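Novice: Take 1 as the starting number for the sequence shown in full-length UniProt numbering and just add one per residue.
We put the beta carbon where it would ideally sit given N, CA and C, even for glycine.
Quick caveat: nothing in here was measured; it's all calculated off a predicted structure.
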Amino acid sequence: HKTLSLCIYTKSATSSVQILRFVCLKKRLLLIVSMAEEVALDLDELRQLQSIAKRPRVLNLINSEISNLEKLRRDSAAGSSAKPEVPVPVSTPAKPISPAGSYVTLGTFSWEQDNEKVKMYISLEGVDEDNVDAEFKPMALDVKIHQVQGKNYRCAIPKLHGEIVPEKCKVLVKPKRIVITMVKSSRGNWLDIHHKEDKIKPSFEKEKDPMAGIMDLMKNMYEGGDEEMKKTIAKAWTDARSGKAGDPLKGL
């Protein structure tokens with residue numbers, strides 16, 4: 001019984017809406033018809049006046065009013081028969097978005113340091129702080145910046161010059177740049193922000209051949225030297241091998 005009552009109520013409500021729509025439409029049509037009749041009567045009377053008018057000024061006024069009423073009648077007829085316009089949604093093209101795994105490498109930056117901290121400065125505008133992901137490790141950093149004018153950026157250093165304290169490091173977003181602050185695990189000066197092997201320092205460990213460190217030093221000097229240096233080292237090396245000189249570094 002409840003279901004039947006609900007169906008009857010729903011049908012009744014639907015019928016009421018349809019009746020209301022019909023009444024509104026009927027009133028609108030009656031209004032249009034009434035306007036059309038009034039306009040037609042006005043036009044008939046104006047045309048009668050037009051036929052008996054003599055003065056040019058009066059004729060111009062009558063002709064102008066006739067034109068206005070004829071236009072009004074045409075517009076009313078068109079409005080009564082035209083279908084209501086349905087707005088067409090206009091889609092705004094979205095900015096191209098880089099795939100989540102695609103990044104532009106930020107390899108250009110400036111940096112400064114004191115005995116306790118290292119600061120990196122990256123020039124980049126329009127960064128949202130919520131779109132910055134930073135991962136700090138004792139000897140590395142990886143900063144990812146997402147959705148900056150449709151692009152993703154990344155600044156990563158897989159091996160730093162020295163150790164840092166990850167939990168004390170941070171990233172600060174400013175209007176035109178990003179500041180990365182790293183806290184050194186031990187006080188001191190870094191020669192570079194990237195880790196670099198010390199190629200010049202020879203090893204003189206007791207268990208190794210005493211000449212091994214000298215040979216490594218000569219090799220590094222040869223690889224990094226100019227033509228004159230290479231000739232001098234090659235001659236010293238040849239003399240040492242032939243027994244003409246006891247010290248291969250003599251004369252360098």
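(1) Is the stretch 164-180 in contact with the stretch 129-142, if contact means three or more CB pairs nearer than 8 Å?
(2) Taking DSSP as the reference, what is the three-state secondary structure of Leu172?
(3) Could you check what DSSP says for Lys137 in three-state terms: helix, strand or coil?
(4) In chain order, what residues of the same chain have a beta carbon less than 8 Å from the beta carbon of Ala36, not counting five sequence neighbours either side?
(5) In three-state DSSP terms, what is Lys230?
(6) Compare the Cα-Cα distances from Arg177 to each of Gln48, Trp111, Ile62 and report the closest residue.
(7) For Val58, does the three-state DSSP call read helix, strand or coil?
(8) Leaving out five residues before and five after Tyr103 in sequence, what residues of the same chain have Cβ atoms less than 8 Å from its Cβ?
(9) Indicate whether Ile180 and Val171 have their beta-carbon atoms separated by less than 8 Å.
(10) Measure the alpha-carbon distance for Leu217 versus His195 and round it to whole angstroms.
(11) Among the residues of its own chain, which have a CB less than 8 Å from the CB of Glu116, if the five just before and after it don't count?
(12) For Trp237, does the three-state DSSP call read helix, strand or coil?
(13) Consult DSSP for Ile157 and reduce its assignment to one of helix, strand or coil.
(14) Skipping 5 residues on each side, what residues in its chain have a beta carbon closer than 6 Å to that of Asp44?
(15) Would you mind working out which of Asn63, Ala140, Gln149 sits nearest Ala156, comparing C-alpha positions?
(16) So, using beta-carbon positions, are Ile193 and Val127 closer together than 8 Å?
(17) Is the CB-CB distance between Leu46 and Glu65 below 8 Å?
(18) Considering only DSSP beta bridges, list what Met221 is partnered with.
(19) Using alpha carbons as the reference points, say which of His161, Gln149, Pro175 lies closest to Asn189.
Specialist: Taking the geometry as given:
(1) Yes, since at least three Cβ pairs between the stretch 164-180 and the stretch 129-142 fall closer than 8 Å, the two stretches touch.
(2) Residue numbering aside, residue 172 sits at position 172 when the sequence shown is read from its first letter. Residue state, collapsed to three classes: strand.
(3) In the sequence shown, counting from the first residue as 1, residue 137 sits at position 137. Three-state result, Lys137: strand.
(4) Counted from its first residue, the sequence shown places residue 36 at position 36. Cβ contact annotation for Ala36 (same chain, cutoff 8 Å, sequence separation greater than five): Arg73, Ser76, Ala77, in chain order.
(5) In the sequence shown, residue 230 corresponds to position 230, counting from 1. Lys230 falls in the helix class under three-state DSSP.
(6) Here residue 177 refers to the residue found at position 177 of the sequence shown. Here the closest residue by C-alpha is Trp111.
(7) Translated into the one-based positions of the sequence shown, residue 58 becomes position 58. Helix.
(8) The residue given as residue 103 occupies position 103 in the sequence shown. Once the five neighbours on either side are set aside, the close Cβ partners of Tyr103 are Lys144, Asn152, Tyr153, Arg154.
(9) For the purposes of this step, residue 180 is taken as the residue at position 180 of the sequence shown. For the purposes of this step, residue 171 is taken as the residue at position 171 of the sequence shown. Against a cut-off of 8 Å, the Cβ pair of Val171 and Ile180 comes out as a contact.
(10) By 1-based counting over the sequence shown, the position of residue 217 is 217. By 1-based counting over the sequence shown, the position of residue 195 is 195. Leu217 and His195: Cα-Cα distance of roughly 20 Å.
(11) In the sequence shown, residue 116 corresponds to position 116, counting from 1. Closer than 8 Å at Cβ, skipping near neighbours: Val183, Lys184, Arg187.
(12) Here residue 237 is taken as the residue at index 237 of the sequence shown, counted from 1. When DSSP states are grouped into helix, strand and coil, Trp237 belongs to the helix group.
(13) As a working mapping, residue 157 is identified with position 157 in the sequence shown. Reduced to three states, the DSSP call for Ile157 is strand.
(14) Here residue 44 refers to the residue found at position 44 when the sequence shown is read from its first residue. Around Asp44: no qualifying Cβ.
(15) For the purposes of this step, residue 156 is taken as residue 156 along the sequence shown, with counting starting at 1. Selected option, being the one with the closest Cα: Ala140.
(16) On the sequence shown, residue 193 is found 193 positions in, with the first residue counted as 1. On the sequence shown, residue 127 is found 127 positions in, with the first residue counted as 1. In this structure, Val127 does not lie closer than 8 Å to Ile193 by Cβ.
(17) Translated into the one-based positions of the sequence shown, residue 46 becomes position 46. Translated into the one-based positions of the sequence shown, residue 65 becomes position 65. Yes.
(18) One-based indexing of the sequence shown puts residue 221 at position 221. Beta-bridge pairing links Met221 to no other residue.
(19) Residue 189 sits at position 189 when you count from the first residue of the sequence shown. Among His161, Gln149, Pro175, the Cα nearest to that of Asn189 is on His161.
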